[in-house]
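Here's the structure we're looking at; comments come further down.
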Amino acid sequence: RRDVRILLLGEAQVGKTSLIMALVGEEFPDEVPPRAEEIIIPADVTPEKIPTHIVDYSEAEQTDEELQEEISKANVVCMVYDVTQEATIDKIRTKWIPMVNGGIERCARIPIILVGNKSDLHTGSSMETILPIMNQFSEIETCVECSAKNLKNISELFYYAQKAVLHPTAPLYDPEEKQLRPACAQALTRIFTMSDQDNNQILSDEELNYFQKSCFGNPLAPQALEDVKMVVWKSTTDGVQDNGLTLNGFLFLNTLFIQRGRHETTWTILRRFGYDDALELTDDYLCPVIRVPQD
């Protein structure tokens with residue numbers, strides 16, 4: 034992917050523009066315009082080393098046609114609400130999510146980050162109100178409570194938005210069924226088979242370390258390897274056999290990564306073995322360029 038485009042939506046006065054200006058200026062702005070200009074964050078200052086565009090929206094300044102155009106260009110939408118105003122939370126459910134993803138097939142929906150702003154004015158948490166919405170709409174990747182005024186969780190919010198594009202949950206995991214999607218399970222099964230060098234349906238410590246090194250650059254420490262197998266052994270009936278990891282154990286481990294918000298781990302594995310964002314094998318992987326030395 035060449036870049037990430039983040040769009041901020043939400044009711045007026047929830048603090049969309051303040052969040053953008055707080056990120057860029059690293060302080061709460063004294064004066065806030067109706068709408069911030071599009072911000073481009075260079076690749077070298079983002080965690081994933083990919084340029085990121087941040088786009089504001091103002092109902093007072095933009096037409097419905099302009100809004101629809103911005104939605105169509107966005108890779109991820111941050112839906113901002115005011116934690117002190119429950120009506121702005123309700124609008125996320127009744128207005129903004131249907132506007133962005135209404136009528137779109139589940140697998141093609143734009144990922145959404147819920148953003149509870151003005152947490153400095155609220156002693157409790159809005160999560161109790163937000164959880165039913167998160168359960169209702171599977172395209173919601175996560176929820177972040179933040180404060181533009183106190184600069185709380187501002188950089189984290191944009192990091193999560195970037196992560197939702199680069200390491201999306203939707204192609205990997207069905208949150209309603211709480212299991213890997215068939216295409217993901219099929220890809221991981223192929224990867225397991227390729228990594229099982231002696232074809233005994235078990236990944237030994239040696240095979241696991243070779244796999245770990247090829248995907249992440251470093252082998253696992255012996256204790257870390259034992260800890261991983263212990264987690265799988267405690268949670269499955271057949272995930273560990275003969276002190277090695279079975280296919281079910283391997284699939285369980287990746288499910289656990291995703292459930293704990295570590296989708297990037299599974300995506301790193303998939304991409305290392307040639308898969309694209311749609312879990313199809315890339316042309317470069319299927320038909321690699323082979324350089325023949327000249328005589």
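In case it helps, this note's numbering puts the sequence shown at residues 34 to 328. Cβ atoms here follow ideal geometry from the backbone N, Cα and C, with glycine treated the same way.
Rounded C-alpha distance that separates residue i from residue j
{"i": "residue 103", "j": "residue 88", "result": "8 Å"}
{"i": "residue 216", "j": "residue 202", "result": "13 Å"}
{"i": "residue 191", "j": "residue 130", "result": "19 Å"}
{"i": "residue 219", "j": "residue 310", "result": "15 Å"}
{"i": "residue 214", "j": "residue 291", "result": "12 Å"}
{"i": "residue 299", "j": "residue 197", "result": "14 Å"}
{"i": "residue 289", "j": "residue 266", "result": "13 Å"}
{"i": "residue 303", "j": "residue 79", "result": "22 Å"}
{"i": "residue 280", "j": "residue 172", "result": "28 Å"}
{"i": "residue 53", "j": "residue 221", "result": "38 Å"}
{"i": "residue 183", "j": "residue 154", "result": "10 Å"}
{"i": "residue 168", "j": "residue 135", "result": "16 Å"}
{"i": "residue 264", "j": "residue 283", "result": "11 Å"}
Per DSSP, the bridge partner or partners of residue i
{"i": "residue 149", "result": "114 and 178"}
{"i": "residue 157", "result": "None, per the DSSP bridge assignment."}
{"i": "residue 207", "result": "212"}
{"i": "residue 38", "result": "86"}
Nonlocal neighbours in the same chain, by C-beta distance under 6 Å from residue i, ignoring five residues either side
{"i": "residue 166", "result": "126"}
{"i": "residue 170", "result": "130"}
{"i": "residue 274", "result": "235"}
Contact check, residue i vs residue j, beta carbons under 7 Å
{"i": "residue 55", "j": "residue 194", "result": "no"}
{"i": "residue 177", "j": "residue 121", "result": "no"}
{"i": "residue 249", "j": "residue 228", "result": "no"}
{"i": "residue 246", "j": "residue 252", "result": "yes"}
{"i": "residue 200", "j": "residue 86", "result": "no"}
{"i": "residue 35", "j": "residue 108", "result": "no"}
{"i": "residue 91", "j": "residue 62", "result": "no"}
{"i": "residue 111", "j": "residue 148", "result": "yes"}
Any C-beta of chain B under 7 Å from that of residue i
{"i": "residue 233", "result": "Absent from the structure is chain B; it holds one protein chain and no more."}
Own chain residues within Cβ distance below 7 Å of residue i, not counting five before or after
{"i": "residue 307", "result": "314, 315 and 318"}
In chain order, which alpha helix (DSSP H) runs of at least 4 residues are fully inside the stretch 211–267?
215–228 and 238–249
Unbroken beta strand (DSSP E) runs of length 3 or more, entirely within the stretch 43–129: which are they?
72–74, 85–88 and 109–115
Taking the runs of the alpha helix (DSSP H) that are 4 residues or longer, which of them lie wholly in the stretch 272–326?
280–292, 296–305 and 316–319
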